[in-house]
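Chemist: Please find one structure pasted underneath; my questions will follow.
Numbering (this note's numbering), first residue to last: 11 to 98.
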């Protein structure tokens with residue numbers, strides 16, 4: 011399973027990255043999401059800073075349904091979107 015992470019309100023460099031998990035396991039995907047966010051924002055981000063819509067978790071991105079999420083960093087909210095990605 012591949013998940014692409016986009017910063018929705020960023021017009022200059024919106025692509026945060028694409029993460030991969032063989033199992034699609036929520037814990038593994040969350041750890042990789044945090045690593046991507048740390049790299050993109052160049053600041054420490056914890057799981058408590060991530061709020062995915064309607065109490066869903068990152069593994070719910072299956073079936074090509076994008077998930078909206080908010081990442082709070084230093085009191086500022088950043089809107090991101092998680093999208094399942096397919097490679098052929």
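Quick reminder that beta carbons are idealized off the backbone N, C-alpha and C, glycines included.
(1) Around the Cβ of residue 22, are there at least 16 other Cβ atoms within 10 angstroms (buried) or fewer (exposed)?
(2) Grab the span of the beta strand (DSSP E) containing residue 60 for me, first residue to last.
(3) In whole angstroms, what separates the C-alpha of residue 68 from that of residue 20?
(4) Using 8 Å as the cut-off, can you tell me whether the region 56 to 64 makes contact with the region 72 to 92, which would need three or more C-beta pairs spanning the two stretches below that distance?
(5) Under 9 Å between the Cβ atoms of residue 91 and residue 29?
(6) If we count the other Cβ atoms within 10 Å of its Cβ and call it buried at 16 or more, is residue 47 buried or exposed?
(7) Would you mind working out which of 26, 32 and 93 sits nearest residue 71, comparing C-alpha positions?
(8) So which of 64, 26, 97 and 95 has the shortest CA-CA distance to residue 6?
Modeler: Put simply:
(1) exposed
(2) Boundaries of the beta strand (DSSP E) harbouring residue 60: 60 to 62, taken from the DSSP string.
(3) 21 Å
(4) yes
(5) Against a cut-off of 9 Å, the Cβ pair of residue 29 and residue 91 comes out as no contact.
(6) buried
(7) 93
(8) As displayed, the chain neither begins before 11 nor continues past 98, which places residue 6 out of reach and without an answer.
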